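A.B. asks: The structure is given below, and queries will be raised subsequently.
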Amino acid sequence: AKIGDNEIALDYEPIIYKSGVYLSSKDLEKILKDNYRLELSKDKIFLEYIGTKGKVKEAFAYGNNTDSIISIGNKRAYAGSYGFALITIILVFLIFKKDREI
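Under the working numbering, the first residue of the sequence shown is numbered 1, with each subsequent residue one higher.
The following block contains the structure:
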């Protein structure tokens, strides 16, 4: 198995079944030994992270000028989307009104 740049020799072949991957407990220990302390019991797995804590990656990137971008860009987007929704609703009502008259 190749994980990142590391190559790990597994004892057994992984089994892929119903969109799940099943590994033997020995192979799981080999894969996670660098970053996790692994305790296996009969029906539970306990993982504790022991790797080095690196720089936290943020899910969103925030800039210095976010306030000015938000106030300018969103007003136009809201006006355009509300206008489009209003026109669509009016057209639907007009079409249904014509169908009832016939």
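Here a beta-carbon is modelled for each residue, glycine too, at the ideal position from N, C-alpha and C.
Bear in mind the structure is a predicted one, so any value in this text is a computation, not a measurement.
Residue 45 and residue 35 look like a contact to me (Cβ under 8 Å); what is the Cβ gap, rounded to whole Å?
C.D. replies: 15 Å between Cβ atoms; not a contact.
A.B. asks: Measuring alpha carbon to alpha carbon, tell me which residue in 32, 17, 12 is nearest residue 24.
C.D. replies: 12
A.B. asks: Kindly identify the DSSP beta-bridge partner or partners of residue 39.
C.D. replies: 46
A.B. asks: Considering only residues of the same chain and omitting the five flanking positions on each side of residue 14, which have a CB-CB separation below 8 Å?
C.D. replies: 1, 21, 22, 23, 27
A.B. asks: Using beta-carbon positions only, say whether residue 37 and residue 48 come within less than 8 Å of one another.
C.D. replies: Yes. Within cutoff.
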